[in-house]
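Residue numbers for the sequence shown follow our numbering, beginning at 154 and rising by one.
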Amino acid sequence: MTCRPLKQRSLSFQITLMLPMLVASCAAPVQQAAVPMGGVPLQPAPAVAAPMPSAPPAAASFNQAQLDQMVAPVALYPDALLSQVLMAATYPADVADAAKWSKANPNQKGDAALKAVADQPWDPSVQSLVAFPQVLQMMGAQPDWVQNLGDAFLASSKDVLDSAQRLRAQAQKTGSLKSSEQQTVLVEQEPQTQQTVIKIEPADPQVVYVPAYDPTVVYGVWPYPAYPPYYYPLPAYYYPGAALARGIAFGVGVAAVGALWGNCNWGRGDVNINVNRFNSVNVNRQLNASQTNFQHNAANRRGVPYRDARSQQQFGRNVPGASQRADFRGHDGARDAQRQQAQSSLQQRGMDAGRGREGDGMGGDRGQGGLQQVQGRPSDSALRGAGNAGSDRQQMNRGGASRQSMGHYSGGGGARAGGGGARMGGGGGGRGRR
Numbered sequence: 154m155t156c157r158p159l160k161q162r163s164l165s166f167q168i169t170l171m172l173p174m175l176v177a178s179c180a181a182p183v184q185q186a187a188v189p190m191g192g193v194p195l196q197p198a199p200a201v202a203a204p205m206p207s208a209p210p211a212a213a214s215f216n217q218a219q220l221d222q223m224v225a226p227v228a229l230y231p232d233a234l235l236s237q238v239l240m241a242a243t244y245p246a247d248v249a250d251a252a253k254w255s256k257a258n259p260n261q262k263g264d265a266a267l268k269a270v271a272d273q274p275w276d277p278s279v280q281s282l283v284a285f286p287q288v289l290q291m292m293g294a295q296p297d298w299v300q301n302l303g304d305a306f307l308a309s310s311k312d313v314l315d316s317a318q319r320l321r322a323q324a325q326k327t328g329s330l331k332s333s334e335q336q337t338v339l340v341e342q343e344p345q346t347q348q349t350v351i352k353i354e355p356a357d358p359q360v361v362y363v364p365a366y367d368p369t370v371v372y373g374v375w376p377y378p379a380y381p382p383y384y385y386p387l388p389a390y391y392y393p394g395a396a397l398a399r400g401i402a403f404g405v406g407v408a409a410v411g412a413l414w415g416n417c418n419w420g421r422g423d424v425n426i427n428v429n430r431f432n433s434v435n436v437n438r439q440l441n442a443s444q445t446n447f448q449h450n451a452a453n454r455r456g457v458p459y460r461d462a463r464s465q466q467q468f469g470r471n472v473p474g475a476s477q478r479a480d481f482r483g484h485d486g487a488r489d490a491q492r493q494q495a496q497s498s499l500q501q502r503g504m505d506a507g508r509g510r511e512g513d514g515m516g517g518d519r520g521q522g523g524l525q526q527v528q529g530r531p532s533d534s535a536l537r538g539a540g541n542a543g544s545d546r547q548q549m550n551r552g553g554a555s556r557q558s559m560g561h562y563s564g565g566g567g568a569r570a571g572g573g574g575a576r577m578g579g580g581g582g583g584r585g586r587r
């Protein structure tokens with residue numbers, strides 16, 4: 154065996170020992186920031202934040218073709234009646250309820266019908282339409298159209314009124330819109346904007362005639378083939394023997410002087426309010442003398458969502474009645490009666506249906522108070538405790554973690570945890586029985 158010098162063997166042995174350490178240090182991640190020649194540690198590059206999820210795009214405004222399409226069924230109404238329809242359309246749920254009432258009382262019309270609904274909670278603009286049952290029943294049969302028309306009016310009342318003027322000009326060109334025994338058609342120049350406008354007024358200020366017409370006939374060649382005009386025929390009951398083939402038909406006139414307290418302000422692009430006439434009819438809802446133009450009351454919206462972002466920001470905050478959003482598409486009273494009966498049964502057994510468990514005075518009341526703040530009225534008690542399950546679960550998880558860390562000191566915590574689980578199960582069961 155060849156013997157190497159002692160110094161050479163020692164060096165080889167040191168390299169053999171150090172080699173694994175060098176390999177490990179190269180493979181391990183760097184734990185310290187690099188230090189440049191100046192001796193100042195380099196700062197690590199900031200982490201790039203993940204892009205925030207973009208908000209869902211707001212609904213776009215209606216274009217001119219869409220506006221003319223939806224305004225076509227009512228553009229030829231007298232100015233005052235048109236203004237009432239546009240205001241009322243901003244309250245779709247009230248329109249649905251008023252239409253049901255009108256259908257159940259077909260012989261009620263004019264100022265007499267207005268007095269009959271004086272105690273109803275509907276917005277005054279909606280109450281005014283019971284004087285014209287043919288109009289209200291048509292609106293009740295088309296809830297989506299009503300909501301879109303109202304949303305368009307809230308987004309830009311001027312655009313909607315400009316649409317009505319375009320359509321009136323078309324009907325005048327075809328010879329369909331003209332003065333008659335029932336109405337007076339005026340062409341005037343609006344002093345504020347020097348805009349030429351077409352006004353429609355009752356020939357007799359004491360009697361209002363509602364025109365019935367086919368938009369595909371009275372407007373002539375329609376300029377938007379992709380958006381044909383909506384046609385919602387008025388109930389034939391109110392137009393005996395009327396023929397629409399050649400234009401506009403009129404039924405029996407309606408004595409409804411008090412019902413019409415609004416009017417179109419074509420120059421400003423909104424609706425005027427006759428405060429004196431409004432207050433004489435709505436004795437329990439008096440307006441201030443300075444409120445001479447339409448102002449939407451979000452409290453009467455009853456939770457129906459607004460379409461565009463601007464209306465949502467302006468009207469959609471803290472609006473009461475969110476639980477009634479589906480009312481204008483039909484409301485199931487039998488289901489509410491069953492829910493109330495189930496609640497009464499639970500209360501007789503010593504349980505609170507809103508809390509979903511016995512003897513707990515915490516979560517249910519908080520949930521109820523939150524709904525009352527949003528809706529402005531007592532909430533459906535079957536849903537009061539639903540919003541507190543996450544809070545209960547979080548408290549139970551914190552309790553479980555504490556008991557795990559201190560389990561060797563006490564054996565009673567597990568029983569309490571089990572009790573909490575039973576309470577959670579009881580709440581879920583209560584919701585499942587609805």
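For glycine and all other residues, C-beta sits at the position ideal for the given N, C-alpha and C.
Exercise. Is G415 helix, strand or coil by DSSP?
Worked result: strand
Problem set entry | Beta-carbon contacts of G332 that lie in its chain and below 8 Å, excluding the five residues immediately before and after | First, the amino acid is wrong: residue 332 is Ser here, not Gly. Excluding positions up to five away in sequence, the list reads V338 and A356.
Exercise. Would the segment 227 to 239 and the segment 350 to 368 be scored as touching if the rule is three or more Cβ pairs under 8 Å?
Worked result: yes
Problem set entry | CB contact flag (S316, V224, <8 Å) | yes
Exercise. Buried or exposed: S255, going by 16 or more other Cβ atoms within 10 Å of its Cβ?
Worked result: buried
For this session: Pick out whichever of D276, A249 and E334 has its Cα sitting closest to the Cα of P296.
Result: A249
Exercise. Are the beta-carbon atoms belonging to R463 and A308 less than 8 Å from one another?
Worked result: yes
Exercise. Going straight from the alpha carbon of W419 to that of N446, what length do you get?
Worked result: 12 Å
For this session: Measure the alpha-carbon distance for Q348 versus G422 and round it to whole angstroms.
Result: 11 Å
Problem set entry | Terminal residues of the beta strand (DSSP E) in which L239 lies | Unbroken run through L239 is the alpha helix (DSSP H), D232 to A241; no beta strand (DSSP E).
Problem set entry | Whole-angstrom distance between A257 and Q342, CA atom to CA atom | 43 Å
For this session: Let me know the secondary structure DSSP gives N425 once reduced to three states.
Result: strand
Problem set entry | Other residues of its chain near E334: CB distance less than 7 Å, five sequence neighbours each side excluded | A356
Problem set entry | Of the residues G411, S329, V405 and P344, the one placed nearest A233, counting alpha carbons only | G411
Exercise. Of all the alpha helix (DSSP H) runs that stay within the bounds of the segment 362 to 413, which reach a length of 4 or more residues?
Worked result: 368 to 371
For this session: Assuming T243 contacts G303 (C-beta within less than 8 Å), just tell me the rounded distance between them.
Result: 4 Å
Exercise. Which whole-angstrom value is the C-beta distance of L267 and S281, which I expect to be below 8 Å?
Worked result: 7 Å
Exercise. Using a Cβ-Cβ cut-off of 6 Å (strictly less than) and excluding sequence neighbours within five positions of A554, which residues of its own chain qualify?
Worked result: Bear in mind that a pLDDT of 45 at A554, under 50, signals an unreliable position, so the number given afterwards is only what the model happens to contain. Within the same chain, A554 has no close Cβ partners at all.
Exercise. Is the Cβ-Cβ distance between I353 and Q325 less than 8 Å?
Worked result: no
Exercise. So what does DSSP say about H446, is it helix, strand or coil?
Worked result: Before going further, note that residue 446 is Asn rather than His in the sequence given. Strand, per DSSP.
For this session: Measure the C-alpha to C-alpha separation of G404 and V360 and round it to an integer number of angstroms.
Result: 12 Å
Problem set entry | Cβ pair A300, P245 closer than 8 Å | Per the sequence shown, residue 300 should be read as Gln rather than Ala. The answer is yes: Cβ separation under 8 Å.
For this session: Note down, in chain order, each residue of its chain lying with its Cβ closer than 7 Å to the Cβ of Q323, except the 5 sequence neighbours on either side.
Result: Y372 and G373
Exercise. To the nearest angstrom, how far is it from the Cα of A269 to the Cα of Y392?
Worked result: 24 Å
Exercise. Got a sec, what are the start and stop residues for the alpha helix (DSSP H) L339 sits in?
Worked result: Note, L339: premise wrong, no alpha helix (DSSP H); beta strand (DSSP E) at Q336 to Q342.
For this session: Ignore the nearest five residues each way along the sequence and tell me which others in R430's own chain have a CB closer than 6 Å to its CB.
Result: W414
Problem set entry | Cα-Cα separation between G400 and L330, rounded to whole angstroms | 8 Å
Problem set entry | Distance CB(A284)-CB(V428) smaller than 8 Å | no
Problem set entry | Straight-line gap, T346 to R321 (C-alpha atoms, nearest Å) | 18 Å
Exercise. Identify the residues that DSSP records as bridge partners of V350: which are they?
Worked result: E341
Problem set entry | Paired residues, beta bridge with R355 - DSSP | First, the residue type needs correcting, since residue 355 is Pro and not Arg in the sequence shown. BP columns for P355 point to Q336.
Exercise. Can you list, in chain order, the stretches of the alpha helix (DSSP H) that have 4 or more residues and sit fully within the segment 275 to 318?
Worked result: 277 to 281, 286 to 293 and 296 to 308
Problem set entry | Pick from F215, P458, K262 and I426 that is closest to V313, judged by C-alpha positions | F215
For this session: May I ask you to report which of helix, strand or coil DSSP gives D264?
Result: helix
For this session: Leaving out five residues on either side along the sequence, give the residues of the same chain with a beta carbon under 7 Å from the beta carbon of V340.
Result: T349 and I351
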